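Numbering (the numbering used here), first residue to last: 65 to 340.
Report on one structure; see the data block that follows.
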Amino acid sequence: MLWLTEGLLKLGHEVLLLAPQGELARRARAGGVPVRTLPSPGPWNPMAVRELVRTVRSWRPDLVHLHTSHAHNLGMLAKGFCRRTRYVVSRRVALPVRKGPKYGDWVARFIAVSRAVRRMLISGRIPPERISVVYSGVPVGRLAAAPPDGDLLREIWGSEDRVLAGNASALTKEKDHPTLLRAFEWAVRRYSGLRLIIAGDGPLRGSLMQLRDELGLGDKVRFLGFRNGTWRMLKVLDVFVVSSKEEGLGVSLIEAMACGLPVVATGVGGIPEVVL
65 MLWLTEGLLK LGHEVLLLAP QGELARRARA GGVPVRTLPS PGPWNPMAVR
115 ELVRTVRSWR PDLVHLHTSH AHNLGMLAKG FCRRTRYVVS RRVALPVRKG
165 PKYGDWVARF IAVSRAVRRM LISGRIPPER ISVVYSGVPV GRLAAAPPDG
215 DLLREIWGSE DRVLAGNASA LTKEKDHPTL LRAFEWAVRR YSGLRLIIAG
265 DGPLRGSLMQ LRDELGLGDK VRFLGFRNGT WRMLKVLDVF VVSSKEEGLG
315 VSLIEAMACG LPVVATGVGG IPEVVL
């Protein structure tokens, strides 16, 4: 979302980012993007709806672009008060669409991040003519210029000779890190110099660390937690791996390939559209 707003500003468009106070809002302001803070959108937050309606009425945008499920909910409610405004919704997950007013005609256009997501929207009875496929982009120039995180290597394994694989994703069920750990255990028995780092956090961190230890990988797999500057981490890897069971597109794979990394990934959702 941040790259999109920055790009639209460079093209001469007027942009206003509505977001809760947090990292996105902070980074947007630092990059010169106009920001108006919303109350936490949560499920059906009336304060957030009121602020969205107030902003649309005062700013009178040509288009309101809703990027998350919560924003989608807010937009549906705000549309009742701002009927002339056009709303578009980005859909980033290749999951079935639930029937209901959320996906009704009040949405002028759905933006699917892959053909896989488009198929899911169509299976939810959304007319194909109301869906556009727009793949998520990455700032290739910034990725190329990002220096490698040499401190990370020294912190984890010093100067030890190794082949370093990496993954960066939320530690959640759909990312299927247990399969990644078991596949790595199989691979490390064939090449003992393999190492794996996993950047990200989530509710499954404790159980995944337990599985790592049960597989005897305590000295070969490191969980880094959430990290800013993932691009610098990518620059020290030899290969990037993704084991997801569900994936709308897989932007982390695009970032890894933009860094010149070979990638290994499961063929689910939109991944086959970017890993050829």
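The C-beta atom is built at its ideal place from N, Cα and C for all residues, glycine as well.
Just so we're clear, the structure is a prediction, and the values are computed from it rather than from any experiment.
Return the Cβ separation of V157 and G280 in integer angstroms, given the expectation that the two are a contact with Cβ distance under 8 Å. With 8 Å as the limit, V157 and G280 do not qualify as a contact, their Cβ atoms being about 35 Å apart.
DSSP-derived helix/strand/coil call for L68: helix
Extent of the continuous beta strand (DSSP E) run through V99: V99 to L102
Based on Cα-Cα distance, which residue from G333, V338 and V339 lies nearest to A180? G333
By the three-class DSSP mapping on this structure, what secondary structure does A158 have? coil
For V120 and C146, believed in contact at Cβ under 8 Å, the rounded distance: 5 Å
What residue does the beta strand (DSSP E) around G5 start on, and which one ends it? This structure leaves residue 5 out entirely; the chain is present only between 65 and 340.
Using a Cβ-Cβ cutoff of less than 6 Å, which residues in the same chain neighbour R286 once the five nearest sequence positions on both sides are dropped? I220 and I261
Enumerated in chain order, which unbroken segments of the alpha helix (DSSP H) with a length of 4 residues or greater are wholly contained in the stretch 201 to 252? 204 to 209, 214 to 221 and 241 to 252
Simplified DSSP assignment, three categories, for Y151: strand
Own chain, CB closer than 8 Å to F290, minus 5 neighbours either side, in chain order: A263, G264 and D265
Close beta carbons around V226, own chain, < 8 Å, minus the five adjacent residues each side: As written in the sequence, residue 226 is Arg, which differs from the Val given in the question. Excluding positions up to five away in sequence, the list reads G257, L258 and R259.
State the Cα-Cα distance for the pair V128 and E278, rounded to the nearest angstrom. 49 Å
If contacts are defined as beta-carbon pairs under 8 Å, then P242 and L275 qualify, I think. What distance do you get, rounded to the angstrom? 6 Å
A322 versus L82 - alpha carbon distance: 29 Å
For R206, which residues from the same chain have a beta carbon less than 8 Å from its beta carbon, with the 5 sequence-adjacent residues on both sides left out? W295
Going by the CB atoms, is the gap between G139 and L130 shorter than 7 Å? yes
Would a C-beta distance cut-off of 7 Å place K309 and D240 closer than the cut-off? yes
Just to confirm the assignment, what range does the beta strand (DSSP E) spanning S308 have? Here S308 belongs to no beta strand (DSSP E), and DSSP marks it neither H nor E.
Just the Cα atoms here: how many angstroms apart are V79 and E319? 25 Å
In its own chain, which residues sit with a C-beta less than 6 Å from the C-beta of P125, not counting the 5 before and 5 after it? none
State the Cα-Cα distance for the pair P192 and W250, rounded to the nearest angstrom. 43 Å
Could you name the residues of the same chain whose beta carbon sits closer than 8 Å to that of L72, not counting the 5 residues immediately before and after it, in chain order? V79
Rounded C-alpha distance that separates V153 from A142: 14 Å
Could you pull the start and end residues of the alpha helix (DSSP H) that L75 belongs to? No alpha helix (DSSP H) contains L75, which DSSP labels as neither H nor E.
Exposure label - G282; buried when at least 16 CB within 10 Å: exposed
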